[in-house]
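Report on one structure; see the data block that follows.
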Amino acid sequence: MRNGTPEKVFYIGSPEIFSKGASAIHIMKMCQAIARLGITTSLLIPTYRTPGDMFQYYGVESNFRIVSFPYFGNTSVRNIMHGVRASVYAGKRRKEFDLAVTRNIVFASIATNILGVPTVYDAHHPLVTGARLLFNSFKRSKRLVRFSTNSRGLGEIYLREGLPPEKLVVAHNGVDLHGYRSLPDKARARADLGLPPDKKIVCYSGNIYEGRGIEHLIDIAPGMTGVLFLIVGGLESDVQRCRSLAREKRTENIRFTSYVHHNTVPLYLAASDVLVMPYTSRMTIRGGTLARDFTSPIKLFEYMASGRPIVATSIPSVSEILEDGVNALLVPPDSPEALSAGIRRALDDPALAKAVSERAASDVRGYTWEARAKKLLGID
């Protein structure tokens, strides 16, 4: 440590890699951001691929070291085994780092209670089955430097679990603005993607689990002639479910791309007129956990960086960032009629659309991955 700022950080994560989820993207972007701050960064991660493959797939700079561990497909086994193995590795190399950052609760418990390692625990969901005992083992530890959550709602959940308030730091997810500084104009983006030049495009990007509101888009699309609804991403099983529903309801002006590489998403956003987050009150994350109160979608910050107007439902976690009529248009969840009206408002009022999109692009400068890294590391 130098003046309270770490010089060398070990980041311990155990996400599902080379998948369509956001956890691995988050971890790779965070390590890149920490390294960009001039801090020597090592990522301890279970993977069956080379570091070069990881850097290329996730589109990040090779400015940090990747230390590979055995990969297990089962999430619970992977988290437990990696937490233990990474603890052994870190314990033997205590002089190689002065702070650990982790999303692995097994490692956090061992690091704070046995290894005596200064640790930042970064929580992205409430406690899962069996994790409360581990959380209770370190929540008051002097070695727990900070406990970060990706939303105020999640922070409140952990405060109710007994986390000391002085440990809590709320750090929403972020965006890498480098990927949004040289986007092509709308016409060129559409030409590159083979999208129609003469239609209004309303775009949703990301996973399309239950509760994400895609069903509402399918419901309202037939009533919006001249508009193409573009759904970018999603697990194939979810895409097939939604395509089947669209056929059943005879919705023809909706297109599903299936999974696209994360680095391609900015081009789709640039090609669009309006970006939507139609989350319902039953919005879930992978695994089916209800998440309306604590999610921090990476897409939210990517939308803000794109310079396109956002229409979103006013679930609590989204309302932490977006304000109706200021940097987005917010509508009540669970109402296709309100969603349709919000989209029409964005399409029919260019001055309003321009104002909210410009404000969002300004606001998002406070939500970069580097800004998030500074919060976790306690850097002013």
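Heads up: the sequence shown begins at 1 in the working numbering, then just goes up one per residue. Ideal placement from N, C-alpha and C gives every residue a C-beta, glycine not left out.
Less than 8 Å separating the beta-carbons of residue i and residue j?
i    : j    : result
F97  : V9   : yes
E302 : L347 : no
Y209 : V232 : no
R400 : G21  : No answer is possible for residue 400: the residues shown for the chain start at 1 and end at 380.
I201 : L183 : no
V311 : R359 : no
R255 : L235 : no
V84  : V120 : no
M28  : Y71  : no
K186 : G226 : no
D345 : L329 : Rather than Asp, the amino acid found at residue 345 in this sequence is Arg. A contact, by the Cβ cut-off of 8 Å.
Between the Cα of residue i and the Cα atoms of the options, which residue gives the shortest distance?
i    : options                   : result
P278 : F107, H261 and A341       : A341
I45  : K29, I66 and S23          : I66
G307 : F18, A353 and S296        : A353
I321 : M224, N173, G4 and L193   : N173
P350 : S317, E337, D273 and L300 : D273
R103 : V88, I80 and L115         : I80
S62  : S258, C242, A24 and A35   : A35
P118 : K92, R146 and H124        : R146
L43  : S14, Q56 and A338         : S14
H26  : S109, E156 and V175       : V175
L133 : V276, E252, L115 and S109 : S109
Let's see if you can read the secondary structure: which residues bound the beta strand (DSSP E) around residue i?
i    : result
V202 : K200 to S205
F147 : L144 to T149
Y11  : K8 to I12
R255 : I254 to F256
L168 : L168 to V170
To which residues of the same chain is residue i closer than 6 Å at the C-beta, ignoring the five residues directly before and after it?
i    : result
R282 : G211
P336 : H216, D219 and I220
T257 : V232
S148 : D122, V169, A171 and L376
D334 : T280 and S281
Which residue comes first and which comes last in the alpha helix (DSSP H) that contains residue i?
i    : result
F229 : Element bounds for F229: not the alpha helix (DSSP H) but the beta strand (DSSP E), V227 to V232.
I214 : I214 to I220
I25  : S23 to R36
Only counting the same chain, and skipping five residues up and downstream in sequence, which positions put a Cβ closer than 7 Å to that of residue i?
i    : result
S317 : S151, G153, R292, D293, F294, T295 and S296
L245 : E215 and I218
Who are the near neighbours of residue i in its chain, counting only those whose CB is closer than 8 Å to its CB and skipping five residues on each side?
i    : result
K374 : L37 and D380
Item to check | Ordered list of beta strand (DSSP E) runs contained in the stretch 261 to 307, each at least 3 residues | outcome: 274 to 277
Next on the checklist: Please give the ranges of any beta strand (DSSP E) in the stretch 72 to 121, keeping only runs that are unbroken, at least 3 residues long and fully inside the region.
Outcome noted: 99 to 102
Checklist entry - Can you give, in chain order, each stretch of the alpha helix (DSSP H) that sits fully within the stretch 300 to 359 and has at least 4 residues? => result 316 to 319 and 336 to 348
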